[in-house]
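In structure tokens form, the structure reads like this:
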């Protein structure tokens, strides 16, 4: 499959790690190694709740709890580290609690690495946009903010809500239930932070697919996402393709073949952190 999207060179996902290194070395220079480990431990515990537990709360993806437990145990271990005043003296001895904590750190770390390689913690918005553009060619039709009709389905309100909750759980879309429809917003890796942490986030300015409870399906593609394609794709065809893709996913879910959704996403073979 030829990539339709531009390469992802964003470092947004690395910001927490970069902040951690900066804080650690700043504390090391200003204070000492003991204080640096303690401050870093506190930071890891904050990350556990901020990036782990809160993300789980918003998405209901239980795999994110492994990230929470890893960061929490890592933070507690760092808080318990006792650095000897004389670094040239004998090596410090570690008690059983420290060794047990370190064991859990390794367990959660390897578990976390497995989940990362299985793409269980990856937001799949880029795959959605690639699949939508798969058969769409360049066109002369100009971009417009106006939503486009994209088809019709015959599912109940509660079936559609269940479908949306499933896509949210597997980190494909964030779901917003309105009075007469459900709105699905594909989330790209590294672009989840405003959605998760900005209480004033306006999802209607983003790319979305809406399933009205009377069956009508409509699509809006943001200008930012449209310009993320390498070429000027035929806009109407792109909207129609995105709508049909989500209708196909809805059919998979309703027919008990939801594993096919992940099969289609994995067929794009985008990197783990893109």
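Numbering (this note's numbering), first residue to last: 683 to 956.
Don't be surprised by glycine CBs; every beta carbon is placed ideally from N, CA and C.
Since the structure is predicted, the reported quantities are computational estimates derived from the model, not experimental observations.
Alpha carbon to alpha carbon, how far is residue j from residue i? Give it in angstroms, no decimals.
i	j	result
residue 929	residue 860	19 Å
residue 921	residue 833	11 Å
residue 924	residue 826	15 Å
residue 883	residue 864	17 Å
residue 692	residue 777	42 Å
residue 730	residue 818	41 Å
residue 941	residue 794	22 Å
residue 732	residue 841	31 Å
residue 780	residue 764	10 Å
residue 815	residue 785	46 Å
residue 906	residue 939	32 Å
residue 889	residue 902	5 Å
residue 801	residue 954	7 Å
residue 917	residue 950	21 Å
residue 876	residue 885	10 Å
residue 705	residue 721	8 Å
residue 744	residue 700	26 Å
residue 748	residue 789	10 Å
residue 799	residue 750	18 Å
residue 881	residue 707	32 Å
residue 837	residue 829	21 Å
Considering residue i, what are the terminal residues of the alpha helix (DSSP H) in which it resides?
i	result
residue 883	Note, residue 883: premise wrong, no alpha helix (DSSP H); not H, not E.
residue 841	839 to 851
residue 778	778 to 799
residue 637	As displayed, the chain neither begins before 683 nor continues past 956, which places residue 637 out of reach and without an answer.
residue 833	Note, residue 833: premise wrong, no alpha helix (DSSP H); beta strand (DSSP E) at 830 to 834.
residue 957	In the structure as shown, the chain starts at 683 and stops at 956, and residue 957 therefore has no counterpart that could be examined.
residue 751	746 to 762
residue 941	941 to 948
residue 908	905 to 908
Enumerate in chain order the residues of its own chain whose CB-to-CB distance from residue i is below 7 Å, with the five nearest sequence positions on each side excluded.
i	result
residue 850	741, 742, 856 and 857
residue 717	709
residue 806	853, 854 and 947
residue 746	734, 737, 738 and 803
residue 991	This structure leaves residue 991 out entirely; the chain is present only between 683 and 956.
residue 791	752
Return helix, strand or coil for residue i, following the three-state DSSP convention.
i	result
residue 913	coil
residue 858	strand
residue 899	strand
residue 876	helix
residue 803	coil
residue 733	helix
residue 893	strand
residue 687	strand
residue 922	helix
residue 812	helix
Examine the ligand SAH and report whether any of its heavy atoms sits within less than 7 Å of the Cβ of residue i.
i	result
residue 747	With respect to small molecules bound, the structure shown includes none, and the ligand SAH cannot be examined in it.
Skipping 5 residues on each side, what residues in its chain have a beta carbon closer than 8 Å to that of residue i?
i	result
residue 896	862
residue 899	831, 832, 833, 834, 835, 891, 892, 893, 925, 928 and 929
residue 887	904
residue 695	871, 872 and 955
residue 698	729 and 733
In chain order, what residues of the same chain have a beta carbon less than 6 Å from the beta carbon of residue i, not counting five sequence neighbours either side?
i	result
residue 762	780
residue 967	With the chain represented from 683 up to 956, any question about residue 967 goes unanswered, as that position is not in the structure.
residue 787	755, 756 and 759
Does the segment 894 to 913 touch the segment 684 to 698, meaning 3 or more C-beta pairs lie closer than 8 Å? Cβ pair count under 8 Å is three or more, so yes.
Would you say the segment 806 to 820 touches the segment 865 to 872, given that touching needs at least three Cβ pairs under 8 Å? Between the segment 806 to 820 and the segment 865 to 872 there are three or more inter-stretch CB-CB distances shorter than 8 Å, so the stretches are counted as touching.
Three CB pairs or more closer than 8 Å across the segment 749 to 760 and the segment 718 to 729: Touching, per the Cβ criterion.
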